[in-house]
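Take a look at the structure set out below.
Protein chains: 2
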Amino acid sequence: MFTIGTLSKRTGVNIETIRYYERTGLIDAPPRTASKRRLFDDNAVRRLSFIRHARELGFDVPTVRALLALQSSPEASCGDVTRLASAQLHAVETRIARLQVLEVELNRIIRHCAGGKMADCRIIEALTAHELGDRHLSRKSLSTFTPHAKSGPKRPGRA
Amino acid sequence: MFTIGTLSKRTGVNIETIRYYERTGLIDAPPRTASKRRLFDDNAVRRLSFIRHARELGFDVPTVRALLALQSSPEASCGDVTRLASAQLHAVETRIARLQVLEVELNRIIRHCAGGKMADCRIIEALTAHELGDRHLSRKSLSTFTPHAKSGPKRPGRA
DNA sequence: GCTACATCCTGTACCGACTACAGAATCAAG
DNA sequence: CTTGATTCTGTAGTCGGTACAGGATGTAGC
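Which chain is which? The protein sequence lines are A and B, in order. Per the numbering used here, the very first residue in the first sequence carries number 62; after that it's consecutive. Per the numbering used here, the very first residue in the second sequence carries number 62; after that it's consecutive.
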């Protein structure tokens, strides 16, 4: 048995995130020491690794929850899992396709303008006018890669 | 001159989002009628279309802001714009590459299990054990396609 | 025992980029 | 004049965490 810091190191999941998962019922509340410290075992490592990996595969939390439920219900069919994975695969493929459209367009934009002044630049125009295949565009899908992960503490908000 | 609903229809941007953009300074506060209704013109349509398109290309809002600033500063070089677009292209390419890894793995998982019972299913195991190239994994990148866009009003939260 | 210092606890607020809703005012058509 | 659509402001909720305050423990060295 080990405390949350060890679990965090073993799984690569943030301590705060582990507590968050507990709060939201993704993992069970573990036993505690007399001084209220959480105690985890190897089972917790496995479950948390599973969650992490599923999240990495792009499953959203409700789906992860469903997978976990299937995992612990012996009469569930493997087909159920396959179904979830297929849905996920479909979503991933859609995302890839859309990103490739963006890739092409960004390339076009970049090539279009080498280094002149704004007056000669078609980019703004291109961005304003051009039409993307965007009928079902989800806001969620638009997030940029923002690697603010472990790049140190930043607190610009409340200073 | 037209009101916000018309602007919304012409640009495909949600009314609430337009007001949000105004609040956060992405667009200027427009003139109003005597009864405080916002009045927009074709310029607003262009600017908002630009914003929308840039967002669709995956630019985050601060970057969109930068693009807009460049747009209205005549001495800015086209190269600045190109730089932003290149950064965005790089991010998009990274995302594609990562999603393709997921695609492969999901496919593998799906093929691995046709329709037996959980007992015979390797998926959970695969998800628990397998290691992804995830050293710099950003939480932001994990969001699933959640097409809850215009699929009607839903209010499960406070009912 | 005492002092550091690391780790852990709870609780709350914050992030981005919106979205949703309440409750009131105003508008346009019949 | 009434009805229904549109708009207004303001606030709170969403998702999936992250960050921090302020306190309580644990552990090591002296």
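Backbone N, C-alpha and C fix where the C-beta goes; we use that ideal spot for every residue, glycine too. Note that the structure is a prediction, hence the values are computed from the model and not measured.
Under 7 Å between beta-carbons, which chain B residues line up against I157(A)? List them in chain order, please.
Under a criterion of Cβ atoms nearer than 7 Å, the residues of chain B adjacent to I157(A) are, in order, I157, L160, Q161, E164.
Report the three-state DSSP secondary structure of T67(A) (helix, strand or coil).
Three-state result, T67(A): helix.
Would you be able to state if there are at least three C-beta pairs under 8 Å between the region 120 to 127 of chain A and the region 145 to 160 of chain B?
No contact exists between the region 145 to 160 of chain B and the region 120 to 127 of chain A.
Chain A contact for S96(B) (CB, 7 Å cutoff):
Not an interface residue.
Which residues share a DSSP beta bridge with F120(A)?
Partner(s): none; F120(A) has no beta bridge.
D141(A), enclosing alpha helix (DSSP H) - first and last residue
In the DSSP assignment, D141(A) falls within the alpha helix (DSSP H) that extends over 139 to 173.
So, at 7 Å on beta carbons, what are the nonlocal neighbours of L145(B) in its own chain, with the 5 sequence-adjacent residues on each side left out?
Around L145(B): T124, A127, L128.
Roughly how many whole angstroms lie between the Cα atoms of T78(A) and N75(B)?
About 32 Å.
Tell me the rounded alpha-carbon separation between N168(B) and G86(B).
A direct Cα-Cα distance of roughly 44 Å separates N168(B) from G86(B).
Run the CB neighbour count on R93(A), radius 10 Å, all protein chains shown included, and call it buried at 16 or more, exposed below.
In summary, R93(A) is exposed, with fewer than 16 beta-carbon neighbours lying within 10 Å of its beta-carbon over all protein chains present.
Please classify P153(A) as buried or exposed, where buried requires at least 16 other C-beta atoms within 10 Å of its C-beta.
Going by the sequence as given, residue 153(A) is Val instead of Pro. Answer is buried; the Cβ neighbour count reaches 16.
Buried versus exposed call for Y81(A) [16 or more other C-beta atoms within 10 Å across all chains shown]
In this structure Y81(A) is exposed. Its beta-carbon is surrounded by fewer than 16 other beta-carbon atoms within 10 angstroms.
Could you name the residues of chain A that I170(B) contacts, counting a contact when the two beta carbons are closer than 7 Å?
Correct list: A146.
Is it buried or exposed, R156(B), if we count other Cβ atoms within 10 angstroms and call 16 or more buried?
Buried, since its Cβ has 16 or more Cβ neighbours within 10 Å.
Given a threshold of 16 other Cβ atoms within 10 Å of its Cβ, counted over all protein chains shown, does R98(B) qualify as buried or as exposed?
In summary, R98(B) is exposed, with fewer than 16 beta-carbon neighbours lying within 10 Å of its beta-carbon over all protein chains present.
Report the rounded CA-to-CA distance for I112(A) versus D102(B), giving the unit in angstroms.
For I112(A) and D102(B), the distance between alpha carbons rounds to 49 Å.
Quick one: residues in its chain with C-beta nearer than 7 Å to the C-beta of A90(B), no 5 flanking neighbours on either side, listed in chain order?
E83, listed in sequence order.
According to DSSP, which residues form a beta bridge with R93(A)?
Paired residues: R99(A).
Taking Cβ positions only, does Y81(B) come closer than 7 Å to chain A?
No - not a single Cβ of chain A is within 7 Å of the one on Y81(B).
How many Å lie between E164(B) and E166(A) at the Cα?
Per the coordinates, the alpha-carbon of E164(B) lies some 23 Å from the alpha-carbon of E166(A).
Compare the C-beta of A167(B) with all C-beta atoms of chain A and state if any pair is closer than 7 Å.
The sequence shown places Leu at residue 167(B), not Ala. Contacts with chain A at 7 Å (Cβ-Cβ) include L167(B).
Would you say R71(B) reaches chain A, if we count a Cβ-Cβ gap shorter than 7 Å as a contact?
Taking a beta-carbon distance threshold of 7 Å, R71(B) does not count as an interface residue toward chain A.
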